[in-house]
Amino acid sequence: MANNAEVLRQYPRGFLGTNVDSAGIDTANVAVETLYAQYIKNNIATCTPEFRHSILKVALNAFGTKDFSDWFLTQPKSPSYGDMHERFLIDTLRFIETGRRDLSLESWSILLKKTTERVSSKLNVKITRDFFGIYNDLASLSKAERNVQLTDVIQNWCSQPGGL
């Protein structure tokens, strides 16, 4: 996927995801938005195994890949990738690993906007290497020992307190 950023949907907040027939579609993923709205309302149903299953099912489609490391490394190729996107990605890796965020999802939701101010990716190498379990060559994620499969990452994400 890392070489196919041009065939991915660009979501309204600037991230790339689900493969589409026509590149550059700029619409929200209704299923993701619905699940997020339920979560924000602190709906009791969000604590059920069925809700978690829905998250996994929707995420597998929304990310557009089964390989989380590919998705992660593709994000800087988004035409709307900016400094806040990069900070969000690093904060999300930290959350998946530790259960702690610098900012709440609600705050990130406000801060993440499409931007035309491109930034050169300076993904925090230490956090990224620690997350993916690589310590030699960041560009060679095929040798990553952990957190590569999207299903594993989502399960780790959801297992954190407040991780949906």
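Going by the working numbering, the sequence shown opens with residue 65, and the numbers climb by one from there.
Every residue, glycine too, gets a C-beta built ideally from N, C-alpha and C.
Worksheet item: Can you tell me the Cα-Cα spacing of Leu124 and Lys130, whole angstroms?
Response: For this step, residue 124 is matched to residue 60 along the sequence shown. For this step, residue 130 is matched to residue 66 along the sequence shown. When rounded, the distance between both Cα atoms is 7 Å.
Discussion item. Please state the DSSP three-state secondary structure of Arg164.
Written reply: What you label residue 164 is simply residue 100 of the sequence shown in a count that begins at 1. Coil, per DSSP.
Worksheet entry | Sufficient close CB pairs (3 or more, under 8 Å) joining the region 105 to 123 to the region 131 to 144 | Short answer: they don't touch.
Discussion item. Considering just the uninterrupted stretch of the beta strand (DSSP E) at Arg73, what are its terminal residues?
Written reply: As a first step, residue 73 is located in the sequence shown; it is residue number 9 there, counting from the start. Segment Leu72 to Gln74, the beta strand (DSSP E) holding Arg73.
Discussion item. Please report the distance separating the alpha-carbon of Ala92 from that of Thr98.
Written reply: The residue given as residue 92 occupies position 28 in the sequence shown. The residue given as residue 98 occupies position 34 in the sequence shown. The straight-line gap separating the alpha-carbon atoms of Ala92 and Thr98 is approximately 10 Å.
Worksheet item: Cβ atoms of Leu72 and Gly128: under 8 Å apart, would you say?
Response: Position 64 of the sequence shown holds residue 128. Position 8 of the sequence shown holds residue 72. Going by C-beta atoms, Gly128 is nearer than 8 Å to Leu72.
Worksheet item: Which of the three DSSP states, helix, strand or coil, is assigned to Thr82?
Response: The sequence position of residue 82 within the sequence shown is 18, counting from 1. Strand at Thr82.
Worksheet item: Given Trp172, which residues of its chain have a CB within under 6 Å of its CB, disregarding the five upstream and five downstream residues?
Response: Looking up residue 172 in the sequence shown gives position 108. Closer than 6 Å at the Cβ level, and outside the excluded window around Trp172, lie Phe152.
Item to complete: Tell me where the alpha helix (DSSP H) around Phe127 begins and ends.
Response: Taking the first residue of the sequence shown as 1, we reach residue 127 at position 63. In the DSSP assignment, Phe127 falls outside any alpha helix (DSSP H), carrying neither H nor E.
Discussion item. Let me confirm a value: Ser223 is counted as buried when at least 16 other C-beta atoms fall within 10 Å, else exposed. Which label applies?
Written reply: Your numbering for residue 223 matches position 159 in the sequence shown. Ser223 comes out exposed.
Discussion item. Quick check on DSSP: helix, strand or coil for Gln102?
Written reply: Sequence index remark: in the sequence shown, residue 102 carries index 38 (1-based). Helix at Gln102.
Worksheet item: Per DSSP, what kind of secondary structure is Gln224 in: helix, strand or coil?
Response: If you number the sequence shown from 1, residue 224 lands on position 160. Of the three classes helix, strand and coil, the one that applies to Gln224 here is coil, per DSSP.
Discussion item. Using C-beta distances below 8 Å, list every residue in its chain close to Gln102, excluding the 5 sequence neighbours before and after it, in chain order.
Written reply: The residue you call residue 102 lines up with position 38 of the sequence shown. The answer, listed in chain order, is Ala109, Thr110 and Phe115.
Practice prompt. Please work out which residues of its chain come closer than 7 Å, Cβ to Cβ, to Ile191, disregarding the five sequence neighbours upstream and downstream, and give them in chain order.
Written response: Along the sequence shown, one-based indexing puts residue 191 at 127. Setting aside the 5 residues that flank it on each side, Ile191 is surrounded in the same chain by Ile154, Leu157 and Arg158, each with a C-beta closer than 7 Å to its C-beta; the list follows chain order.
Fill in: Val212 classed as buried or exposed, judged by whether at least 16 other C-beta atoms fall within 10 angstroms
Residue numbering aside, residue 212 sits at position 148 when the sequence shown is read from its first letter. Val212 should be labelled buried.
Item to complete: Select from Phe196, Thr82 and Arg165 the residue whose C-alpha is nearest the C-alpha of Asp216.
Response: Looking up residue 216 in the sequence shown gives position 152. The residue with the shortest Cα to Cα distance from Asp216 is Phe196.
Fill in: Contacting residues, own chain, Cβ-Cβ under 7 Å from Val96 (five flanking each side not counted)
Reading the sequence shown from its first residue, position 32 is the one you call residue 96. Leaving aside the five residues that flank Val96 on each side, the residues in its chain whose CB is nearer than 7 Å to its CB run, in chain order, Val122 and Ala126.
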